Amino acid sequence: MSDPATNPPPAEGEERTSDASSTDETVAVVQAQEDEPNFTPITKDFGFLPIPKHLRHDPKHPAYFGLLLNATFGFAGTFVLANLYYCQPLLIQFSHTFNVSYDTVSRIPTLVQVGYAVGLLLISTLGDLVRRRPLIIMLVFICASLSIGLSFTTNFAVFQALCFLIGVFTVVPQILLPLAADLAPPERRATALSIVLSGLLLGILLARVLAGVIAQFVSWRVVYYLAFSVQYVVCVWLYLVLPDYPAKNKGATYFGLLWGMAKFAVTEPQLVQAVLISIPSAACYTNFWVTLTFLLGGPPYNYSTLVIGLFGLVGMVGVGLAPPLGRLIDSLVPWFASVIACVAYILTHVIMVGADGINVAAVVIVCIGIDVFRQMVQVSLTTAVFSLDPAARSRMNAIILISLFIGQIMGTAVGSEVYTQHGWRPAAALNLAWSGLMLFVVLARGPHVSRYTWVGWEGGLEVRKSKVTAQKRRDEEAGASDIQQRGDEKHALEAKQSVREEKDLQDATTVGMQEVKISETSEGEKQGEDQPPMVEVATLSAE
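Quick look at the structure:
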């Protein structure tokens, strides 16, 4: 199938057609509503805000997920996720403005991240319960409004509370990610996810660099002026382009979804494998970027804070490589993409162990490698997990994000301790060990095992997704053919039995009629013997 990002949408009134590989589990909700004879599209958000007619859900003409909408998801994620990272370069300015110590002001990033974890658990799961268009628009509006409070407040306690709340509501990217998986064609799902994830990476880099540069020349409050202005623009843009999509899990309850998420975390081998890979992956990433400041600020480099900050721009390479990496993952079975990424991750950390404190070129290579291959791991894992249960994508994504959060805490705490106590090389060796653990977990469960197999290999080693999809299609067609053949044989036997029974009935009827005739003939003969012949009677009368 051609790329949905480049092909034009179908004409008005024309139904979209696709090959069998595009008939995926993601259409289950839409198909269920299409089967409803009296389906009526929702025309208003929040009960009063009209939905543009071309964005209303229509089962017969599903939303077209092209490059513009995919990029919109990515940029929305960029400017919303940036809320979590604006504060990091501004801590010194915060301490001066609010007249608090560095130790006190250092709690702000922690408050934001804790709020984000709470939002992942309690809010992002709503993506499996309610319509996501109004949910996303509402969350962006709340984040923008909270940014107004951050830009104007003069009370440090209020500032801390607002930081926590903005972390709670900054879960829009984690609702957009499963929605992109629902809207994108299956053969382009990894590409769509990689574009959204690259937007999140861009948000992290942009927030740190932009906040640092602005605060260097003007007040830190200008950062939040810009933040709420951009987010209000994003809110309006999403209202104009974000298609409506039906709610999933009708009849479910919020607490039922939370309980279901807890069950998924211990009953889905693919999801558990993704969690066990995501934790050391995030730990490696955070350990590297936290200790990089110490490495570049000390001998032999002795770089200034500005130069160290510019190293974050190297991560832009990962953003640029997102689309080709997504297409590569789309062409492979996700397991093989994970293996490739884990091996490359290990090689990156080998370079880190060998030369990170010797030559700055090694540092640049490691910066690029960690960004690119971590993103590749994340996209491949997310693609595989999202194929398990379309109705639970938001909850499964929340579980993966919580595992990343755990990994970040582990990388920050353990990595910083190892670096300060033992130096850059042991800290790099720790990353190498974690990346080796990632590969071990991937290899423990083969690429084609059944859904509920925890450890082992089965089903061969076919690498190309198209071959696997084609084989599954052939197996399904063969199964359907066998069922039809068995059904035809059954019908033939039933018809033959019916003919036999009809023939037996006819034979029985014929025999019965013959017996009746014989009986009538016998009675007639008997009556003839009892009566004298008419000729003899006539003769006697004459005499």
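Each residue of the sequence shown is one higher than the one before, counting from 2 in this note's numbering. For each residue, glycine too, the CB sits at the ideal point set by N, CA and C. Predicted model only: the values in this text are computed from it and were never measured.
Residue 368 is not a Cβ neighbour of residue 419, given a cutoff of 8 Å. Within the same chain, Cβ atoms closer than 8 Å to the Cβ of residue 444 are found at 340, the five residues on either side in sequence being excluded. Within a 10 Å sphere around the beta-carbon of residue 74 sit 16 or more other beta-carbons, which makes this residue buried. Ranked by how close their Cα comes to the Cα of residue 299, the residues 218, 421, 81, 117 have 421 in first place.
Leaving aside the five residues that flank residue 115 on each side, the residues in its chain whose CB is nearer than 8 Å to its CB run, in chain order, 165, 168. When secondary structure is reduced to three states using DSSP, residue 132 falls in the coil class, being assigned neither helix nor strand. DSSP, read as helix, strand or coil, puts residue 251 in coil. Relative to the Cα of residue 429, the nearest Cα in the group 460, 292, 153 belongs to 292. When secondary structure is reduced to three states using DSSP, residue 85 falls in the helix class.
When the five nearest sequence neighbours on each side are left out, the beta carbons in the same chain lying within less than 6 Å of the beta carbon of residue 151 are those of 163, 225, in order along the chain. With contacts defined as CB atoms closer than 8 Å, residue 373 and residue 447 fail to qualify as a contacting pair. In this chain, the alpha helix (DSSP H) harbouring residue 375 covers 361-387. For the pair residue 130 and residue 451, the Cα-to-Cα distance works out to about 28 Å.
A contact between stretches requires three or more CB pairs, one per stretch, nearer than 8 Å, and the segment 79-88 fails this requirement with the segment 258-278. Taking C-alpha positions only, residue 378 is separated from residue 267 by approximately 21 Å. Every unbroken stretch of the alpha helix (DSSP H) spanning 4 or more residues and falling wholly within the segment 69-120 is given here in chain order: 92-99, 103-106. As a beta-bridge residue in DSSP terms, residue 46 pairs with 50. The shortest C-alpha to C-alpha distance from residue 212 to any of 252, 119, 311, 196 is the one to 311. Nearest in C-alpha terms to residue 280, of all of 309, 411, 361, is 411. Residue 217 has its alpha-carbon roughly 44 Å from the corresponding atom of residue 259.
A direct Cα-Cα distance of roughly 43 Å separates residue 244 from residue 98. In this chain, the alpha helix (DSSP H) harbouring residue 418 covers 394-423. For residue 176 against residue 133, the beta-carbon gap comes to about 6 Å, under 8 Å, which counts as contact.
A Cβ-Cβ separation of about 4 Å places residue 385 in contact with residue 335 under the 8 Å criterion. Cβ atoms of residue 278 and residue 439 come within 8 Å of each other, at about 5 Å.
Put simply, of 257, 353, 240 the residue whose alpha carbon is nearest the alpha carbon of residue 424 is 353.
The Cβ neighbour count for residue 104, taken over all protein chains shown within 10 Å, is under 16; the residue is labelled exposed. Here residue 457 carries a strand assignment [DSSP, helix/strand/coil].
For the alpha helix (DSSP H) assignment, the uninterrupted runs of no fewer than 4 residues enclosed by the segment 130-177 are, from N- to C-terminal side, 133-153, 157-170. For the options 358, 458, 323, the alpha carbon positioned closest to that of residue 297 is the one of 358. Across the set 157, 414, 127, the C-alpha of 157 shows the shortest separation from the C-alpha of residue 96. In terms of Cβ geometry, residue 363 and residue 356 form a close pair [threshold 8 Å].
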